[in-house]
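Engineer: Just so you know, the sequence shown maps onto residues 553 to 690 in the numbering used here. Virtual Cβ for every residue (Gly too), placed ideally from N, Cα, C. The structure follows.
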Amino acid sequence: MNLQTITITLPAPIYRRVKQRSQLMQRSVAEELVAVVIDYSQRDGLADDIEQELAQLDLLTDRELWQAAQITVSRDKNEYMQELVEKQQRDGLTTEDNQQAQLLSHSFNRVMLVRAKSAALLKKRGFDISPLITETAK
């Protein structure tokens with residue numbers, strides 16, 4: 553396989569999620585990013601629920617898009633993912649734990665994609681989205 557090297561800049565929250573997942577999967581961050589890209593490139597599309605939700609964003613009002621662009625994963629989900637990462641490092645994960653980690657990853661991906669598309673739609677509608685970018689960098 554012919555490999556290409558790229559450099560990307562990720563918002564800190566996204567990087568933390570990728571890093572958590574890489575630890576959970578016992579891979580480097582770079583290997584995890586490659587795995588994510590390969591996984592998405594081999595799918596016919598996004599998960600149906602996410603794809604449908606993203607399609608509906610076009611119909612939202614500006615106010616609703618601002619709200620969507622600022623959604624976050626719940627503290628409980630973040631904490632549970634952290635617990636799974638720590639358990640993976642300490643003891644390994646059971647099949648059920650792995651399934652829970654995949655569900656959490658799906659939830660994190662959903663939030664990330666909804667936020668990104670909402671911000672893109674707001675920008676396309678002429679809004680200054682710099683507050684969203686500044687918020688993400690915190």
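Check each candidate in Q640, I681, R667 and L674 and name the one with the smallest Cα separation from Q572.
Structural biologist: Here the question's residue 572 lines up with position 20 in the sequence shown. Nearest option by C-alpha distance: Q640.
Engineer: Please classify R495 as buried or exposed, where buried requires at least 16 other C-beta atoms within 10 Å of its C-beta.
Structural biologist: Because residue 495 is not part of the residues shown, which for the chain are 553 to 690, the question remains open.
Engineer: Roughly how many whole angstroms lie between the Cα atoms of A689 and E583?
Structural biologist: As a first step, residue 689 is located in the sequence shown; it is residue number 137 there, counting from the start. As a first step, residue 583 is located in the sequence shown; it is residue number 31 there, counting from the start. In this prediction, A689 scores a pLDDT of 49, lower than 50, which makes its location untrustworthy; the coordinate-derived value is nonetheless stated afterwards. Looking at the two C-alpha atoms, the distance is approximately 23 Å.
Engineer: Using the Cα positions of A671 and Q619, report the straight-line distance between them to the nearest angstrom.
Structural biologist: Numbered from its first residue, the sequence shown carries residue 671 at position 119. Numbered from its first residue, the sequence shown carries residue 619 at position 67. Distance from the CA atom of A671 to the CA atom of Q619, rounded to whole angstroms, is 10 Å.
Engineer: Near S580, what residues of its chain come up, given a Cβ to Cβ distance below 7 Å and the 5 sequence neighbours on each side ignored?
Structural biologist: Stepping through the sequence shown from its first residue, residue 580 is reached at position 28. Taking S580 as the centre and dropping the five residues before and after it, the same chain places the C-beta of S574 closer than 7 Å to its C-beta, in chain order.
Engineer: Answer yes or no: do L612 and L673 have a C-beta to C-beta separation smaller than 9 Å?
Structural biologist: For the purposes of this step, residue 612 is taken as residue 60 along the sequence shown, with counting starting at 1. For the purposes of this step, residue 673 is taken as residue 121 along the sequence shown, with counting starting at 1. Going by C-beta atoms, L612 is nearer than 9 Å to L673.
Engineer: Pull up the CB-CB distance for K700 and L656, whole angstroms please, since I reckon it's below 8 Å.
Structural biologist: Only positions 553 to 690 of the chain appear in the structure, and residue 700 is not among them; the question remains open.
Engineer: Check whether the Cβ atoms of Q622 and L684 sit closer than 9 Å, and answer yes or no.
Structural biologist: Counting from 1 along the sequence shown, the entry for residue 622 is found at position 70. Counting from 1 along the sequence shown, the entry for residue 684 is found at position 132. A contact, by the Cβ cut-off of 9 Å.
Engineer: What would DSSP say about D601, mapped onto helix, strand or coil?
Structural biologist: One-based indexing of the sequence shown puts residue 601 at position 49. Collapsing the DSSP output to three states places D601 in a helix.
Engineer: Report the three-state DSSP secondary structure of S670 (helix, strand or coil).
Structural biologist: By one-based count along the sequence shown, residue 670 stands at place 118. Helix, per DSSP.
Engineer: Could you spell out the range, first to last residue, of the alpha helix (DSSP H) harbouring L576?
Structural biologist: Counting from 1 along the sequence shown, the entry for residue 576 is found at position 24. From DSSP, the alpha helix (DSSP H) with L576 extends over A564 to M577.
Engineer: Does the beta-carbon of R667 have 16 or more other beta-carbons within 10 angstroms, so that it is buried, or is it exposed?
Structural biologist: Position 115 of the sequence shown, counted from the start, is the residue given in the question as residue 667. Buried, because 16 or more other Cβ atoms sit within 10 Å of the Cβ of R667.
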